[in-house]
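One rule links them: number in this note's numbering = place in the sequence shown (from 1) + 2.
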Amino acid sequence: MKIWSKAQSLLQSNQKLYLLSVVQSKGSAPGRVGFKMIVSEDYQLFGSIGGGLMEYNMVEKAKQMLKDGIVKHFIIAQIHKGGTSASSGMICSGSQVIAFNYLCPNDLPLVNSILQTEQNIEFSSNGITLVSPNNESGFKQMSATNWSYTESIINKPIAHIFGAGHVSVPTSQLLTQVGFDVFLYDNRDDINTFESNNIVCSKRIIDYKKVLKEVVIDSTDYILLMTHKFTEDKLLLSQLLTINHQYLGVLGSEHKIKVMFEALHVQGISMDKLNKIHAPIGLNINSQTPDEIAVSIVAEVIKFKNR
């Protein structure tokens, strides 16, 4: 529901926006059904529909339409293969259908209802509406201008992963499979494990020094730190320990954790607060490979969630 909370905040600030949604996905498409992204009137971006050139082109289209004051609800087919008029410029051989739905401050009551209701949401050529939970979910296209996509409102637990290295990929996949919405962050823009991770709801390059300004974290959210540097884990912890959260875990050796905790304690963070961190993260199953480490991490998260 993070995407709707962001929409609510923007509409409360009198912003207009386009909500982009993946309503159909086939093959090796970079974003699965249900992925969403907001492009606001002042060009704020939130969420993801899969990344890459396809996402860039869709964002630029939304920006131009907002600039021109165009109000439309429509779909665009993207074929990730060259040689067709609908080609996205990507070559992963899959395809997607992206829905564009316009929202303005007058739609704030609708968004408020979405955040509070158990009804389903219908996206269509007529806009966004709430429908009965009995309505069939999925995408239907009667013509180029007559279409609908219905999805259930499910409040999933949210996991924020900081660090897009080799362990984050299987961890993202497993967390998604067991019912989490996963948000991925890194401060590097040149790592293939970030680009190839298309299972997450959103992935962003951020400034770790300003994490609380760049990332919205609720008290019910799960936080997993697996950056590539001791100093970055320490930098993130010094900020994340000042807010409420459901779960906070750090990947690393026992020696690394001990040294980091001692340094943070010297900075003024109490040992009581540090001892509540799950570190080293993961159940002790003698895991060796990134996949095995991910299993141990997600197992611990599940054990904590279901305690």
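All C-beta atoms in this analysis are idealised placements derived from N, C-alpha and C, irrespective of residue type, glycine included.
Is the separation between the beta-carbon of residue i and that of residue j shorter than 8 Å?
{"i": "residue 99", "j": "residue 64", "result": "no"}
{"i": "residue 229", "j": "residue 235", "result": "yes"}
{"i": "residue 133", "j": "residue 253", "result": "no"}
{"i": "residue 23", "j": "residue 8", "result": "no"}
{"i": "residue 196", "j": "residue 249", "result": "no"}
{"i": "residue 116", "j": "residue 155", "result": "yes"}
{"i": "residue 147", "j": "residue 126", "result": "no"}
{"i": "residue 43", "j": "residue 68", "result": "yes"}
{"i": "residue 299", "j": "residue 242", "result": "no"}
{"i": "residue 184", "j": "residue 202", "result": "yes"}
{"i": "residue 130", "j": "residue 153", "result": "no"}
{"i": "residue 2", "j": "residue 101", "result": "Residue 2 cannot be examined here, being either before or after the span of the chain that is shown, 3 to 309."}
{"i": "residue 10", "j": "residue 114", "result": "yes"}
Please report the straight-line C-alpha distance between residue i and residue j, rounded to a whole angstrom.
{"i": "residue 223", "j": "residue 66", "result": "34 Å"}
{"i": "residue 297", "j": "residue 73", "result": "46 Å"}
{"i": "residue 161", "j": "residue 211", "result": "20 Å"}
{"i": "residue 88", "j": "residue 57", "result": "At residue 88 the pLDDT is 48, less than 50, meaning the model places this residue with poor confidence and gives no usable figure here."}
{"i": "residue 181", "j": "residue 175", "result": "10 Å"}
{"i": "residue 238", "j": "residue 278", "result": "16 Å"}
{"i": "residue 246", "j": "residue 275", "result": "11 Å"}
{"i": "residue 75", "j": "residue 273", "result": "53 Å"}
{"i": "residue 36", "j": "residue 25", "result": "6 Å"}
{"i": "residue 309", "j": "residue 302", "result": "10 Å"}
{"i": "residue 12", "j": "residue 27", "result": "28 Å"}
{"i": "residue 213", "j": "residue 166", "result": "15 Å"}
{"i": "residue 284", "j": "residue 304", "result": "10 Å"}
{"i": "residue 18", "j": "residue 290", "result": "49 Å"}
{"i": "residue 267", "j": "residue 106", "result": "47 Å"}
{"i": "residue 164", "j": "residue 200", "result": "15 Å"}
{"i": "residue 55", "j": "residue 255", "result": "38 Å"}
{"i": "residue 157", "j": "residue 269", "result": "37 Å"}
{"i": "residue 111", "j": "residue 121", "result": "15 Å"}
{"i": "residue 280", "j": "residue 198", "result": "28 Å"}
{"i": "residue 59", "j": "residue 53", "result": "10 Å"}
{"i": "residue 93", "j": "residue 47", "result": "Its pLDDT being 43, under 50, residue 93 is placed unreliably in this model, and the coordinates cannot settle the point."}
{"i": "residue 96", "j": "residue 288", "result": "38 Å"}
{"i": "residue 50", "j": "residue 178", "result": "15 Å"}
{"i": "residue 282", "j": "residue 251", "result": "7 Å"}
{"i": "residue 187", "j": "residue 294", "result": "22 Å"}
So what's residue i in DSSP terms, helix, strand or just coil?
{"i": "residue 267", "result": "helix"}
{"i": "residue 180", "result": "coil"}
{"i": "residue 28", "result": "strand"}
{"i": "residue 5", "result": "helix"}
{"i": "residue 239", "result": "helix"}
{"i": "residue 297", "result": "helix"}
{"i": "residue 140", "result": "strand"}
{"i": "residue 257", "result": "helix"}
{"i": "residue 45", "result": "coil"}
{"i": "residue 38", "result": "strand"}
{"i": "residue 272", "result": "coil"}
{"i": "residue 146", "result": "coil"}
{"i": "residue 17", "result": "coil"}
{"i": "residue 71", "result": "coil"}
{"i": "residue 229", "result": "coil"}
{"i": "residue 281", "result": "coil"}
{"i": "residue 160", "result": "strand"}
{"i": "residue 152", "result": "strand"}
{"i": "residue 251", "result": "strand"}
{"i": "residue 66", "result": "helix"}
{"i": "residue 290", "result": "coil"}
* **Three-pair Cβ contact test at 8 Å for the region 205–221 versus the region 177–191** => The region 177–191 and the region 205–221 touch, with three or more beta-carbon pairs separated by less than 8 Å.
* Check whether the region 247–264 touches the region 130–138, counting contact only when three or more Cβ pairs, one atom from each stretch, lie closer than 8 Å. => Contact between the region 247–264 and the region 130–138 is absent, because fewer than three Cβ pairs lie under 8 Å.
* **Every unbroken alpha helix (DSSP H) inside the region 97–131 [4 residues or more]** => Here the runs fully enclosed are 110–116.
* At 3 residues or longer, and completely inside the region 195–220: list those beta strand (DSSP E) runs for me, N to C. => Within the region 195–220, the complete beta strand (DSSP E) runs of at least 3 residues are 204–207.
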